[in-house]
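Numbering (the numbering used here), first residue to last: 250 to 456.
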DNA sequence: GTGTGGATCGTCT
DNA sequence: GACGATCCACACT
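Encoded structure:
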């Protein structure tokens with residue numbers, strides 16, 4: 250599986266501007282290697298969670314619990330947790346130690362290991378929803394809480410810059426999904442996605 | 001295409 | 001004991 254691309258360095262994740270990182274993650278390739286099986290694709294949808302001052306964040310008010318502890322680690326690790334009792338979610342921890350910022354990976358455009366992803370998702374036929382939505386991304390890539398807090402410099406879960414870029418015109422910037430309870434913070438333009446990409450979950454009409 | 005409800009459990013109050 | 005950074009199937013238009 251040798252290729253000419255290298256892992257994105259830790260410095261990329263240690264940027265304290267989580268919204269900027271969420272935007273810059275669009276177009277980056279995300280991979281997992283589990284039991285020798287490599288799966289991945291490029292990120293087409295993200296959401297920023299702005300730590301202590303963001304009501305939608307698990308770390309709002311600097312809340313530190315066994316679950317949220319991972320968010321307080323230095324940027325460049327994965328924060329994985331269970332939602333609705335069913336779905337695992339993958340987040341990229343951003344900034345420095347004790348700054349609990351993270352970016353939720355909501356969708357990828359699958360590129361490598363389609364057959365493996367299809368099998369993990371129990372799909373008879375490959376459809377866009379194979380990696381549409383955060384729960385689906387984690388399931389297709391085999392991501393679970395067993396690898397919570399793993400380094401993105403590992404050979405199990407990592408990101409690469411393969412030179413794919415999108416201009417601001419090609420990226421929609423809209424409010425996040427499913428965070429109505431966060432009151433005014435629910436309106437913040439912290440969600441980014443590639444306009445017109447078929448893997449984006451719930452694209453906003455007209456954008 | 002749109003809307004509704006069921007699944008299912010860890011985490012924190 | 002309540003609820004969540006969700007997904008899917010199925011009904012109905």
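From the three backbone atoms N, C-alpha and C, an ideal C-beta is built for every residue, glycine too.
So if DSSP puts residue i in a beta bridge, which residue, or which two residues, is it bridged to?
i	result
residue 256	409
residue 372	Answer is none; residue 372 lacks a bridge partner.
residue 331	337
residue 421	442
residue 195	Here the chain covers residues 250 to 456 and nothing more, so residue 195 does not appear.
residue 326	400
I'd like the span of the beta strand (DSSP E) that includes residue i, first residue to last.
i	result
residue 358	350-361
residue 289	286-298
residue 278	278-283
residue 449	Counting along the chain, residue 449 falls outside any beta strand (DSSP E), and DSSP gives it neither H nor E.
residue 442	440-443
In or out: residue i buried (at least 16 other Cβ within 10 Å) or exposed?
i	result
residue 392	buried
residue 262	buried
residue 440	buried
residue 257	buried
residue 436	exposed
residue 448	buried
residue 446	buried
residue 340	buried
residue 344	buried
residue 372	exposed
residue 270	buried
residue 302	exposed
Looking at the unbroken alpha helix (DSSP H) that takes in residue i, where does it start and where does it end?
i	result
residue 271	267-273
residue 339	Premise fails: residue 339 lies in the beta strand (DSSP E), 336-343, not in any alpha helix (DSSP H).
residue 389	383-390
Within this structure, are the beta carbons of residue i and residue j separated by less than 8 Å?
i	j	result
residue 294	residue 442	yes
residue 328	residue 266	no
residue 291	residue 278	yes
residue 335	residue 289	no
residue 272	residue 337	no
residue 320	residue 342	yes
residue 364	residue 282	no
residue 400	residue 326	yes
residue 255	residue 409	yes
residue 300	residue 346	no
Assess, as a yes-or-no matter, whether the region 350-358 is touched by the region 377-387 under the definition of 3 or more beta carbon pairs within less than 8 Å.
yes
Check whether the region 426-435 touches the region 409-418, taking contact to mean three or more Cβ pairs, one atom from each stretch, closer than 8 Å.
no
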